[in-house]
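From first to last, the protein sequence lines are chains A and B.
End of the first sequence = 312 in the working numbering, gap-free, step of one.
End of the second sequence = 1233 in the working numbering, gap-free, step of one.
All C-beta atoms in this analysis are idealised placements derived from N, C-alpha and C, irrespective of residue type, glycine included.
From a predicted model like this one, the values you see are computed outputs, not experimental measurements.
Contents: one structure, followed by commentary.
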Amino acid sequence: MNRNLSRIIALSAGAIAIALPLFAGDYPLQVARNVMMYMALAITWDMLLRSGQISFGIAGLFGLGAYAGILGMIRGGMPAWLSIPFAAFVAGFAAFLIGFMILRLRAMYFSIVTLALGEIFRIIIHNLHDFTGGPEGIVIQQGVIFGGSSSKLYWLTLGGLAVAIAASYWFEHSKIHFALTAIRNNETSAKSSGIDIFKWLLVAFVVTSAIQGLLGGIFVQSYGFATPETVFSADFTLLPLAMALLGGVYSTVGPIFGAILLGLVAEWLKLKIPYGHLVVYGIIIILVILFMPNGLLGRIRQTTGKRAGRTA
Amino acid sequence: MLKIQGLECGYGRMKVIDGVSLEIGNESVGLFGPNGAGKTTLINAVMGMNKPWKGSIELDGTSIVGFETHVMARKGVALVPQERELFPGMSVEDNLRLGAVYIPHAKDSIQEQMEAMFALFPILKERRKQLAGTMSGGQQRMVAIARALMSKPKLLILDEPSLGLQPSIVAEVFDVLKELKKTVSILVTEQNVRESLKSIDRGYVLENGKIVLEDTAKGLETNPHVLKSYLGL
């Protein structure tokens, strides 16, 4: 696709996304907010995947951010707007500390540890009853951001998505792109080329975790409460992952595609088959993995004769 | 330039390198030995991939023991690992660029270096946009050498550059090394002693983790042990 055409499509999509609350009702806005939230998470998952590290810890860092935000507000007396960057900071800082311990791990060992991390965060929050509200969760009684206005909350979520897209674009078009791709391709050659593998993995892990935390902070502001079961839900790991796989990995556009398609299909299925939509959803994912291993974007590029990803 | 003294290292409890001392100045040095002699282990120790148990490794008079691999690369020691070890999903051009982007003394002259590499390996210029993983074995070896040279090293280490290549390509690779030794110090490990003797100044023979022989290329060529064990004469 010609670069100017891509730019026009991106700008038009951006303009439509910004203007949506002006002509859409509450229900479509709610659906759009969900899709954007998952889309942003899918992008951050993909950003770390570009280094070859498969994280199952999205829900853990998202939930950590969500609780950091809500506790910062309720227990720390922070204004609602400040609780969101605070959520990002806590998740990013936690990732920085944890990164020193787990970023020497590779492949499934890293994946399993990230999965366990989410569970550890959930159990800690679950058990700190007096501080976190325990299993019943914690509710923002007053001072929720924008007074709960659905259009403003939509724009807030869009802002979170914009941060994820901007970070992903930076990952794709800066020196870090080379470092992450090289690490994924061949670690021995990467370090022989002067790449400090640990440093770049840590940068990627901290940045993606901070954005996941930020999105958690936005989520609790949007719904006004947090319970361990809601914010640490496996959905926040599995759906973004499925969306990125469907759209095509190692790019910003792939997860965006995947999230729009799968998000809308999931919503439609929920209406059509309220008690069985997840089964159909699972079948779609299996079929995509079997027949389009490079995702939709990969298939499109294959058909148009371009190779998948800027550097596969 | 590189001075190794009394080096011992290995894996777990198994000692692979047992008291090796060698030196490389502004020259091309070969390190020969059979499979399992410890050639790659020795290189890995120099490159910071294996921690030495004992002994010293110095680069220009400074100890480099404990330095990580990426630091060694930035200090001017470039490695062409065994088995080519490319970035297969990247184009030839990106592979070369990656050799210099993270090296402070090379990152500002990438274009100029790339042109020099294309002059050295014209086939890479023709195939600059091709994915490195789709090239032939010999071409991939050229990409690996060119990528290492992009970092403007003072010492180029090649671990069995002829491994898995057809004889005509092996000769070509060693012709390039002969040319390169005019501008960069070289340490090359090989099992193909016959071809590599043509491109080196001096050589060591490593057997069971110990240096058993050290001589000039000419001396090695006529040494009875080398003739019998490595040249099949």
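DSSP three-state call for residue i: helix, strand or coil?
i	result
residue 1203/B	strand
residue 151/A	helix
residue 43/A	helix
residue 1060/B	coil
residue 1228/B	helix
residue 13/A	helix
residue 1181/B	coil
residue 113/A	helix
residue 139/A	strand
residue 1024/B	strand
residue 174/A	coil
residue 189/A	helix
residue 83/A	helix
residue 1092/B	helix
residue 296/A	helix
residue 1154/B	coil
residue 225/A	strand
residue 199/A	helix
residue 1002/B	strand
residue 1079/B	strand
residue 1131/B	strand
residue 1198/B	coil
residue 309/A	Here residue 309/A scores only 44 on pLDDT, less than 50, and its place in the model should not be relied on; the value that follows carries that caveat. Three-state DSSP puts residue 309/A in coil, outside helix and strand.
Which residues of chain D have a Cβ atom closer than 8 Å to the Cβ of residue i, listed in chain order?
i	result
residue 1099/B	No chain D is part of this structure, whose protein chains are labelled A and B.
By DSSP's criteria, residue i is part of a beta bridge. Which residues make up the other side?
i	result
residue 1018/B	1008/B
residue 1189/B	1031/B and 1159/B
residue 1215/B	1203/B
residue 1237/B	Residue 1237/B lies beyond the range of chain B shown here (1001 to 1233); nothing can be said about it.
Check the Cβ-Cβ distances between residue i and every residue of chain A, and say whether any is below 8 Å.
i	result
residue 1151/B	yes
residue 1093/B	no
residue 1069/B	yes
residue 1102/B	yes
residue 1089/B	yes
residue 1161/B	no
residue 1047/B	yes
residue 1081/B	yes
residue 1128/B	no
residue 1096/B	no
residue 1146/B	no
Would residue i be called buried (16 or more neighbouring beta carbons within 10 Å of its own) or exposed?
i	result
residue 1231/B	exposed
residue 37/A	buried
residue 193/A	buried
residue 114/A	buried
residue 1203/B	buried
residue 303/A	exposed
residue 1114/B	buried
residue 39/A	buried
residue 273/A	exposed
Would you say residue i faces chain B, with C-beta separation under 8 Å as the test?
i	result
residue 294/A	no
residue 181/A	yes
residue 188/A	yes
residue 196/A	yes
residue 299/A	no
residue 312/A	Note that residue 312/A has pLDDT 43, beneath the 50 cutoff, so the model's placement of it is unreliable and no number is given.
residue 205/A	no
residue 171/A	no
residue 219/A	no
residue 152/A	no
residue 272/A	no
residue 178/A	yes
residue 185/A	yes
Cβ of residue i within 8 Å of Cβ of residue j?
i	j	result
residue 29/A	residue 20/A	yes
residue 50/A	residue 171/A	yes
residue 1137/B	residue 1158/B	no
residue 32/A	residue 217/A	no
residue 1135/B	residue 1127/B	yes
residue 1212/B	residue 1032/B	no
residue 329/A	residue 52/A	The shown model of chain A, from 1 to 312, leaves out residue 329/A, and the question about it has no answer.
residue 1162/B	residue 1176/B	no
residue 1131/B	residue 1089/B	yes
residue 1197/B	residue 1030/B	yes
residue 94/A	residue 71/A	no
residue 1044/B	residue 1050/B	yes
residue 1007/B	residue 1020/B	yes
residue 62/A	residue 41/A	yes
residue 196/A	residue 1070/B	yes
residue 139/A	residue 80/A	no
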